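Report on the structure given below.
Residue numbers (our numbering), protein chains in the order written: chain L, 4 to 322; chain W, 4 to 322.
Following this line, the structure appears as structure tokens:
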């Protein structure tokens with residue numbers, strides 16, 4: 004590992020936020036030496052707890068994240084926030100209407116906020132988010148909150164390996180339950196009905212509860228439904244108590260750690276292979292040539308792919 | 004290629020919808036021989052046009068898809084519909100409230116509807132959708148409409164290679180523009196403001212127009228904004244005219260076909276590698292063993308990944 008990395012890691016270990024930030028960027032960009040750096044950092048990881056917050060755009064996830072973060076800081080914890088939501092004010096995505104002010108937590112010294120581009124990273128988003136969480140973990144964060152839009156597949160994967168997954172719904176979005184049902188219902192440890200001062204909040208709580216009853220009848224444990232008005236800070240105390248509560252009782256979920264390592268290993272290999280294909284295929288214009296062959300109907304795409312894959316097959320992890 | 008595949012392909016060529024359906028399923032599942040089958044089918048592809056419809060949940064994408072499909076059928080075209088949206092009634096995702104009735108088009112003989120699971124397919128969703136479109140194309144469809152939730156990264160990728168991309172917004176979802184801005188604005192060829200009988204529809208049109216002005220100032224061509232009330236069929240005629248119109252003028256977008264082939268080739272290789280890793284890594288319990296080593300702190304994940312990847316590196320398409 005070169006001297007730059009060693010210096011950055013040393014600086015990070017003494018608490019330099021600048022070093023933390025640089026390491027994250029370099030690992031995200033897969034700069035040479037990143038794997039050695041992660042190996043070095045790895046022994047310091049494993050203590051932070053991950054809280055995933057997901058739900059449709061406009062559900063108030065960022066405000067909730069902000070408030071939860073603030074309360075956890077009050078209790079003496081060190082917090083990291085990862086915003087994978089492109090519309091999150093954390094990631095600079097808010098463009099119209101009231102720009103939510105994220106000053107509450109992002110001004111605090113014990114909070115480190117990182118937003119992640121969801122575009123241009125075709126694939127591997129989950130793994131990037133996991134890498135960032137690992138680095139924050141090594142830095143000494145106690146809780147890392149990952150905020151993500153809960154509609155896309157990749158985005159759901161991001162929170163899947165969190166210790167606690169919070170699914171946020173709001174009244175008046177008739178379709179939000181549909182989306183939840185279809186994609187993220189079964190990964191929720193806690194449901195939050197935000198903007199609960201709206202008149203149809205009770206109805207939404209009942210809708211969610213009745214969905215959960217069905218699942219409970221099948222023997223699944225029933226996640227709590229908590230009402231909040233994040234902008235006014237209402238219900239956040241309850242929510243944070245519940246998070247910490249579940250965190251304790253989840254401590255010993257059997258097989259949980261194994262599953263997480265498995266996902267991590269597969270994610271790392273996947274991302275690595277994809278990155279390399281994208282970087283290498285067009286060296287010496289090979290991909291360009293293949294494209295031209297398809298265009299000129301000299302070859303079909305499948306024959307080309309078989310040719311590219313075949314030398315790899317025998318070497319894949321199988322043996 | 005075995006006799007089963009040959010029979011299915013022959014049957015599909017004579018117009019059997021059952022054969023079409025079976026081929027799609029087998030290719031989706033990557034059953035043995037799928038690549039040979041695609042090679043066989045490939046020469047029959049290239050004629051269908053792809054229409055991508057995207058937008059947040061509840062924007063009315065399915066109803067629009069339905070109506071557009073109906074009108075295209077009226078004009079004598081053969082239509083395929085691919086629903087990647089988990090909340091789409093096409094894919095059986097509607098669970099509460101008024102279940103939109105999709106009988107209009109799905110009853111018609113000239114329309115073939117296929118929904119795709121967005122879960123459990125971690126990665127490769129885009130490529131699966133592209134495969135399905137290719138098979139429908141070979142079957143003789145003139146237009147293939149892909150409906151997808153426009154928030155997730157993977158979901159946006161799905162429509163990126165469509166010939167025409169329609170982004171659907173609705174008034175009253177304050178945050179829909181945010182989400183659009185953040186993720187899919189620049190891929191839109193047409194904006195649709197659906198539910199345009201709501202009072203704040205004009206405001207939304209103006210908001211979109213003003214965003215587009217900014218882009219237009221940067222020299223980009225300005226996509227049209229069309230108002231519809233899909234449930235009443237209002238504005239659909241205009242929309243379909245516009246789609247066909249643009250389709251004609253886009254005929255010769257320079258570099259478009261090359262880009263599409265490039266995406267296709269990379270997508271196929273990616274999916275193939277990922278599938279193989281997932282299938283093969285745990286043969287002989289190798290992955291299980293690796294997980295255990297990490298759990299017991301005998302090895303870190305990065306060392307394991309390096310070990311798995313290293314024999315592949317020299318063989319990647321580079322040389």
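All residues carry an ideal CB built from backbone N, CA and C; glycine is no exception.
Here the structure is a predicted model, which means the values were calculated and not measured.
Problem - Beta-ladder partner(s) of residue 53 of chain L, from DSSP - result: Here the question's residue 53 of chain L lines up with position 50 in the first chain. Beta-bridge pairing links residue 53 of chain L to L:147.
Handout entry: Member of L:227, L:117 and L:137 whose CA lies at the smallest distance from the CA of residue 42 of chain L
Key = For this step, residue 42 of chain L is matched to residue 39 along the first chain. For residue 42 of chain L, the nearest C-alpha among the options comes from L:137.
Handout entry: Cα-Cα separation between residue 129 of chain W and residue 270 of chain W, rounded to whole angstroms
Key = Locating residue 129 of chain W in the second chain gives position 126, where the first residue counts as 1. Locating residue 270 of chain W in the second chain gives position 267, where the first residue counts as 1. If you take the alpha carbons of residue 129 of chain W and residue 270 of chain W, they lie about 8 Å apart.
Practice task
Return yes when the Cβ of residue 77 of chain L is within less than 9 Å of the Cβ of residue 145 of chain L, no when it is not.
Solution key: The sequence position of residue 145 of chain L within the first chain is 142, counting from 1. The sequence position of residue 77 of chain L within the first chain is 74, counting from 1. Against a cut-off of 9 Å, the Cβ pair of residue 77 of chain L and residue 145 of chain L comes out as no contact.
Problem - chain W residues whose Cβ lies nearer than 7 Å to that of residue 303 of chain L - result: Indexing the first chain from 1 puts residue 303 of chain L at position 300. The answer, in chain order, is 42 and 45.
Exercise for the section: Tell me the start and end of each unbroken alpha helix (DSSP H) in the region 36-88 of chain W that is at least 4 residues and wholly inside, in chain order. Expected result: 37-44 and 64-77
Problem - Members of the region 59-75 of chain L near chain W, C-beta cut-off 7 Å - result: 59, 60 and 61
Handout entry: Reference residue 3 of chain L, options L:28, L:36 and L:86, closest by Cα
Key = Within the shown structure, residues of chain L are numbered from 4 to 322, placing residue 3 of chain L beyond reach of any answer.
Handout entry: Any C-beta of chain W under 9 Å from that of residue 228 of chain L
Key = As a working mapping, residue 228 of chain L is identified with position 225 in the first chain. No, residue 228 of chain L does not count as interfacial toward chain W.
Exercise for the section: For residue 309 of chain W, go through chain L and note every residue whose CB falls closer than 8 Å to its CB, in chain order. Expected result: Translated into positions along the second chain, residue 309 of chain W becomes position 306. Residues of chain L passing the Cβ test: 38.
Problem - Per-residue burial, residue 58 of chain W [other beta carbons within 10 Å of its own, 16 or more giving buried] - result: As a working mapping, residue 58 of chain W is identified with position 55 in the second chain. The residue in question, residue 58 of chain W, is buried, as its Cβ has 16 or more Cβ neighbours within 10 Å.
Exercise for the section: Examine the Cβ distances between the region 194-205 of chain W and the region 164-178 of chain W and report whether three or more of them are shorter than 8 Å. Expected result: yes
Problem - For residue 34 of chain L and residue 312 of chain W, the rounded distance between their alpha carbons - result: Along the second chain, one-based indexing puts residue 312 of chain W at 309. Along the first chain, one-based indexing puts residue 34 of chain L at 31. Rounded to whole angstroms, residue 312 of chain W to residue 34 of chain L spans 17 Å at the Cα level.
Practice task
Kindly list the residues whose CB is nearer than 8 Å to the CB of residue 32 of chain W, restricted to its own chain and excluding five residues on each side of it in sequence; keep chain order.
Solution key: Counted from its first residue, the second chain places residue 32 of chain W at position 29. Around residue 32 of chain W: no qualifying Cβ.
Practice task
Compare the beta carbon distance of residue 308 of chain L and residue 264 of chain W with 9 Å and say whether it is the shorter of the two.
Solution key: Position 305 of the first chain, counted from the first residue, corresponds to residue 308 of chain L. Position 261 of the second chain, counted from the first residue, corresponds to residue 264 of chain W. No. Outside cutoff.
Practice task
Note the first and the last residue of the continuous beta strand (DSSP E) segment covering residue 167 of chain L.
Solution key: Here residue 167 of chain L refers to the residue found at position 164 of the first chain. Taken as a continuous stretch (DSSP letters only), the beta strand (DSSP E) holding residue 167 of chain L covers 167-172.
Practice task
Check the Cβ-Cβ distances between residue 294 of chain L and every residue of chain W, and say whether any is below 9 Å.
Solution key: In the first chain, residue 294 of chain L corresponds to position 291, counting from 1. Yes, residue 294 of chain L counts as interfacial toward chain W.
Exercise for the section: Go ahead and pull the three-state DSSP assignment for residue 100 of chain L. Expected result: Reading the first chain from its first residue, position 97 is the one you call residue 100 of chain L. With a pLDDT of only 31 at residue 100 of chain L, under the threshold of 50, the placement of this residue in the model should not be trusted; the figure read from the coordinates follows. Three-state result, residue 100 of chain L: coil.
Handout entry: Through-space distance from residue 67 of chain L to residue 60 of chain L, alpha-carbon basis
Key = As a working note, residue 60 of chain L is residue 57 in the first chain. As a working note, residue 67 of chain L is residue 64 in the first chain. Answer to the nearest angstrom: the Cα atoms are 13 Å apart.
Handout entry: Partner residues on chain L for residue 271 of chain W, Cβ-Cβ distance less than 8 Å
Key = Residue numbering aside, residue 271 of chain W sits at position 268 when the second chain is read from its first letter. Simply 304, 305 and 308.
Practice task
Kindly indicate which residue of W:237, W:118, W:232 and W:253 has the alpha-carbon position closest to the one of residue 167 of chain W.
Solution key: Residue mapping note: residue 167 of chain W aligns to position 164 of the second chain, counting from 1. Comparing Cα positions, the closest option is W:253.
Handout entry: Beta-carbon gap between residue 139 of chain W and residue 217 of chain W smaller than 9 Å
Key = Along the second chain, read from residue 1 onward, the residue named residue 139 of chain W stands at position 136. Along the second chain, read from residue 1 onward, the residue named residue 217 of chain W stands at position 214. The answer is no: Cβ separation not under 9 Å.
Problem - residue 149 of chain W: contacting residues in chain L (beta-carbon distance under 8 Å) - result: Your numbering for residue 149 of chain W matches position 146 in the second chain. By Cβ distance, chain L contributes nothing, its closest Cβ being about 15 Å from residue 149 of chain W, past 8 Å.
Problem - the region 233-262 of chain W: positions lying closer than 7 Å to chain L by Cβ - result: 260 and 261
Practice task
Answer with yes or no whether the minimum CB distance from residue 312 of chain L to chain W is below 9 Å.
Solution key: Looking up residue 312 of chain L in the first chain gives position 309. Answer yes: the Cβ-Cβ gap between residue 312 of chain L and chain W drops below 9 Å somewhere.
Handout entry: chain L within 9 Å of residue 297 of chain W, Cβ atoms only
Key = Within the second chain, residue 297 of chain W is the residue found at index 294, counting from 1. So yes, residue 297 of chain W belongs to the interface.
Handout entry: Buried versus exposed call for residue 287 of chain W [16 or more other C-beta atoms within 10 Å across all chains shown]
Key = As a first step, residue 287 of chain W must be located in the second chain, where it is residue number 284. Residue 287 of chain W should be labelled exposed.
Exercise for the section: Look at the alpha carbon of residue 119 of chain L and the alpha carbon of residue 310 of chain W, and state the distance between them as a whole number of angstroms. Expected result: Here residue 119 of chain L refers to the residue found at position 116 when the first chain is read from its first residue. Here residue 310 of chain W refers to the residue found at position 307 when the second chain is read from its first residue. If you take the alpha carbons of residue 119 of chain L and residue 310 of chain W, they lie about 28 Å apart.
Exercise for the section: Would you kindly work out how many angstroms separate the C-alpha atoms of residue 54 of chain L and residue 11 of chain L, rounded to a whole number? Expected result: Here residue 54 of chain L corresponds to residue number 51 of the first chain, with the count starting at 1. Here residue 11 of chain L corresponds to residue number 8 of the first chain, with the count starting at 1. Roughly 27 Å between the two C-alpha positions.
Exercise for the section: Flag residue 201 of chain W as yes if its beta-carbon sits less than 9 Å from any beta-carbon of chain L, otherwise no. Expected result: Here the question's residue 201 of chain W lines up with position 198 in the second chain. It does not; no Cβ of chain L falls within 9 Å.
Practice task
Just mark residue 134 of chain W as buried or exposed, buried being the case when its beta carbon has 16 or more other beta carbons within 10 Å.
Solution key: For the purposes of this step, residue 134 of chain W is identified with residue 131 of the second chain, where counting begins at 1. That one is buried.
Practice task
Indicate whether at least one CB of chain W lies closer than 9 Å to the CB of residue 15 of chain L.
Solution key: On the first chain, position 12 is the one that residue 15 of chain L refers to. False, the Cβ-Cβ gap to chain W never drops below 9 Å.
Exercise for the section: Please determine, among L:192, L:246, L:262 and L:238, the residue with the shortest C-alpha to C-alpha distance to residue 200 of chain L. Expected result: Here residue 200 of chain L refers to the residue found at position 197 of the first chain. For residue 200 of chain L, the nearest C-alpha among the options comes from L:238.
Handout entry: Rounded separation between residue 142 of chain L and residue 30 of chain L - CA only
Key = Within the first chain, residue 142 of chain L is the residue found at index 139, counting from 1. Within the first chain, residue 30 of chain L is the residue found at index 27, counting from 1. Those two C-alpha atoms are separated by around 14 Å.
Practice task
Pull up the distance between the alpha-carbon of residue 2 of chain L and that of residue 236 of chain L, whole angstroms please.
Solution key: Outside the shown range of chain L, which is 4 to 322, sits residue 2 of chain L, and nothing can be said about it.
Exercise for the section: Measure the C-alpha to C-alpha separation of residue 150 of chain W and residue 56 of chain L and round it to an integer number of angstroms. Expected result: Mapped onto the second chain, residue 150 of chain W falls at position 147. Mapped onto the first chain, residue 56 of chain L falls at position 53. Using only the alpha carbons, I get a separation of about 26 Å.
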